[in-house]
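Whatever position you read off the sequence shown (first residue = 1), add 280 for the working numbering.
Glycine residues also receive a C-beta, built at the ideal position from the N, C-alpha and C atoms.
So the structure is just underneath, and the comments pick up after that.
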Amino acid sequence: MSELTLVSPAASVKEASSAAVASPFTGKSKTIAPLGHFGRAVLRVSDDLIDTVSERLGITLPREANRSATQDDLSALWLGPDEWLLISSEPHDGWASSVQEKLGDALVALVDVSHRQVALGLDSPHVEDLLASGCALDLRESAFPVGACTRTMYDKAEVVLWRTGAHSFHIEVWRSFARYVEGLLRIAEEEG
281 MSELTLVSPA
291 ASVKEASSAA
301 VASPFTGKSK
311 TIAPLGHFGR
321 AVLRVSDDLI
331 DTVSERLGIT
341 LPREANRSAT
351 QDDLSALWLG
361 PDEWLLISSE
371 PHDGWASSVQ
381 EKLGDALVAL
391 VDVSHRQVAL
401 GLDSPHVEDL
411 LASGCALDLR
421 ESAFPVGACT
431 RTMYDKAEVV
441 LWRTGAHSFH
451 IEVWRSFARY
461 VEGLLRIAEE
471 EG
C-alpha cells in the first residue's frame, strides 16, 4: 500500500504539488470510478418563478419528480417540489457567483455545495444489483429510467443517485461519507 503524505492547507503550492493529493476515494475498480470535480449548487425556487429562472439559466428546470435536465455543461436534478441540484461539468472559481449573476433579482436561494460533495460513477451491466446492496429502491431501468434522479440512502449515507445511461449511474455523496460509500460498493462488487 502506498504511503499518503498529508499536506497542510497552509502549505505552499510547491509543497502541495510535490505531495500525493489526498482523495476521498481509494483503489482501482472496473465498475466504480471517481468522476472528478464538478460545480454544484442547491437551488430553491418558488413555483411562480420556475419559468423565469429556467429562462435565465438556459435550462428547463424539471417539474416532474425525480427527473433531470441537461443543457450544455449544466444539469438540473429535481430533489423536491422547489429544490434542484445544479451540477456544472465545467466548474471554475466563482461558478456559483456566475449562476447568481444570471439569476439577477429573482427571489431564490442558491447555495454553493461544490466542495461539500464528491461524485462516483458506476458503469456495469450489473449496476442495479451493485446498488441494491445498500439501497432499497427499485432501480431497474423500467422503474428508474435514464435521466431519473433521487435523493436517498445508501446504507447509512445520504446520496443523490442519477441514472446517466442504461448501465451507468452518477452518485453524489457528501465528502465525509465518500470512503464509506465507496468501501461498501467495492465489497458488493467483489461479492457480485
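Starting from residue i, follow the alpha helix (DSSP H) in both directions and report where the run begins and ends.
i	result
residue 389	Not the alpha helix (DSSP H): residue 389 falls in the beta strand (DSSP E), residues 389-392.
residue 330	330-337
Looking at C-alpha atoms only, which residue of the options is the closest neighbour of residue i?
i	options	result
residue 466	400, 391, 352, 326	400
residue 420	347, 440, 397, 446	446
residue 369	352, 359, 309	352
residue 457	443, 449, 334, 439	439
residue 360	468, 432, 396	432
residue 435	459, 448, 423, 444	459
residue 321	425, 393, 463	393
residue 315	448, 464, 329, 362	448
Where do the N-terminal and C-terminal ends of the beta strand (DSSP E) with residue i fall, by residue?
i	result
residue 439	437-445
residue 322	319-324
residue 431	429-434
residue 402	397-403
residue 448	448-454
Per DSSP, what kind of secondary structure is residue i in: helix, strand or coil?
i	result
residue 474	The first residue shown for the chain is 281 and the last is 472, placing residue 474 beyond what the model contains.
residue 421	coil
residue 468	helix
residue 309	coil
residue 426	coil
By Cβ distance, which residues of its chain are closer than 6 Å to residue i, with the 5 residues on each side in sequence left out?
i	result
residue 301	Note that residue 301 scores 35 on pLDDT, short of 50, meaning its location in the model is unreliable; the coordinates nonetheless yield the value given after this. Correct list: empty, nothing qualifies.
residue 413	468
With a CB to CB cut of under 7 Å and the five nearest residues on each side skipped, what residues in its chain are close to residue i?
i	result
residue 345	358
residue 388	323, 324, 325, 329, 333
Looking only at its chain, what residues have a beta carbon closer than 8 Å to the beta carbon of residue i, apart from the 5 residues adjacent to it on each side?
i	result
residue 348	342, 355, 356, 357, 358, 427, 428, 429, 442
residue 374	none
### Query
What beta strand (DSSP E) runs, 3 residues minimum, are completely inside the stretch 345-376?
348-351, 354-360, 363-368
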